[in-house]
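Residue numbers (the working numbering): 39 to 297.
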């Protein structure tokens, strides 16, 4: 049986796996969905390794994904039939599916909230953030056809000026109603790591499109973005090689090279 301990900020506690075990974060050699998981480990001061799988661009313009699909995934499928990227592995326990990975680390590191209500808020925000991410990825990659740059150019204006503000408005109103520094509490919880990453990606997108920052229209989100970036526990991460990775993979129109 796995040793367990109870931790939590208040009367609500989670049963966690031993915190002295090394966590493995598996993802592509980009920021993407791996960045929030890596940041959570950094914030918690956890022992972890980041296993990054690289996409290889071939001479014919196609992309090789063997580093994951051929070299690693078959091994992990023996431990978890649902294995995909990202994954979190501790010993022989493999967790996959993005939000399941987030909440797994949230429970492990005491970042799911101090009450049932806070846990529920984390889960709601994670789902809403994933809606934003799914819309973003649709633009960033713009399909895989030869005309993807044309598709990107035709969609980018409407996406940036109309679609993203709808998402940002929801989080602005959420912060206003919550009255907390971060989404769920006055200290970062699991959902904050993914939201901050998506805000940062859109700051980069604005620079790429030569557009003003969308955060100027959302003062609470702007403050939130700055407060998270100033967290002492994450300064080494922000100054290090993992934050300097490309946002997206090599086949993307936006974010396929370090910014």
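Beta carbons are placed, not taken as given, at the ideal position from N, Cα and C, and that holds for glycine.
| Query | Result |
| --- | --- |
| If you count every other CB in all the chains shown that lies within 10 Å of the CB of residue 230, and 16 or more means buried, which is it? | buried |
| Per the DSSP calculation, residue 66 is bridged to which residue(s)? | 91 |
| Please list the terminal residues of the continuous alpha helix (DSSP H) segment that includes residue 316. | Here the chain comprises residues numbered 39 to 297, so residue 316 is not present and cannot be evaluated. |
| Which whole runs of the beta strand (DSSP E) in the segment 123 to 197 are 3 residues long or more, in chain order? | 125 to 128 and 131 to 134 |
| Taking DSSP as the reference, what is the three-state secondary structure of residue 211? | helix |
| Can at least three beta-carbon pairs, one atom from the segment 161 to 181 and one from the segment 288 to 296, be found at a separation below 8 Å? | yes |
| Would residue 171 and residue 236 be called neighbours here (beta carbons separated by less than 7 Å)? | yes |
| On the CB-based measure, 16 or more other CB atoms within 10 Å of its CB, does residue 238 come out buried or exposed? | buried |
| Which of the three DSSP states is assigned to residue 292 in this structure? | coil |
| When you compare the CB positions of residue 102 and residue 227, do they come within less than 7 Å of one another, or not? | no |
| Return yes when the Cβ of residue 275 is within less than 7 Å of the Cβ of residue 62, no when it is not. | no |
| By how many angstroms is the C-alpha of residue 129 removed from the C-alpha of residue 116? | 13 Å |
| My understanding is that residue 233 touches residue 139, with C-beta atoms under 8 Å, so please give their C-beta distance in whole angstroms. | Incorrect: roughly 16 Å between the Cβ atoms, too far for contact. |
| For residue 101, which beta-bridge partners are listed by DSSP? | 95 |
| Helix, strand or coil: which one does DSSP assign to residue 49? | Model confidence at residue 49 stands at a pLDDT of 41, short of 50, so the residue's coordinates are unreliable; what they give is reported in the following sentence. Coil at residue 49, not helix or strand. |
| Apart from the five residues on each side of it in sequence, which residues of its chain come closer than 6 Å, Cβ to Cβ, to residue 149? | 227 and 228 |
| Could you tell me which residues DSSP puts in a beta bridge with residue 61? | 86 |
| Name the two residues that bound the continuous alpha helix (DSSP H) containing residue 254. | Here residue 254 belongs to no alpha helix (DSSP H), and DSSP marks it neither H nor E. |
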